[in-house]
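J.: Can you keep this structure in mind? I'll have questions shortly.
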Amino acid sequence: MKGLSKESATLLEVDDGSAGQRIDNFLLRIAKGVPKSHVYRILRSGEVRVNKGRVGAEYRLVEGDVV
Numbered sequence: 782m783k784g785l786s787k788e789s790a791t792l793l794e795v796d797d798g799s800a801g802q803r804i805d806n807f808l809l810r811i812a813k814g815v816p817k818s819h820v821y822r823i824l825r826s827g828e829v830r831v832n833k834g835r836v837g838a839e840y841r842l843v844e845g846d847v848v
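Numbering (this note's numbering), first residue to last: 782 to 848.
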């Protein structure tokens, strides 16, 4: 994946290997170098969407989800 931009959205489809994982841990894994505090802040503010809806940090991903 190319660098994550502050100004654009990146859509990712959840594969079999990431299914069942919490969204916060998924984001920390794919966005290496981003502080945990930032990941939790964007989750709380609703900037992270799964299937076009807002989710909390405890949401567990399902295969085929679009993040």
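Heads up, the beta-carbon is just placed ideally off N, CA and C, and yes, glycines get one too. Please read all numbers here as calculations on a predicted model, not as lab measurements.
Short check: CB of V831 to CB of V848, under 8 Å?
T.: As a position in the sequence shown, residue 831 is number 50, starting the count at 1. As a position in the sequence shown, residue 848 is number 67, starting the count at 1. The answer is yes: Cβ separation under 8 Å.
J.: Going by the DSSP bridge assignment, what does G834 pair with across the sheet?
T.: For the purposes of this step, residue 834 is identified with residue 53 of the sequence shown, where counting begins at 1. DSSP lists V831 as partners of G834.
J.: By the 10 Å Cβ neighbour count, where 16 or more other Cβ atoms means buried, how is D846 classified, buried or exposed?
T.: Translated into the one-based positions of the sequence shown, residue 846 becomes position 65. So D846 ends up on the buried side.
J.: How many Å lie between Y840 and N806 at the Cα?
T.: Within the sequence shown, residue 840 is the residue found at index 59, counting from 1. Within the sequence shown, residue 806 is the residue found at index 25, counting from 1. Cα-Cα distance, rounded: 10 Å.
J.: Could you check if V820 is buried or exposed, using at least 16 other CB atoms within 10 Å of its CB as the buried criterion?
T.: The sequence position of residue 820 within the sequence shown is 39, counting from 1. Classification for V820: buried.
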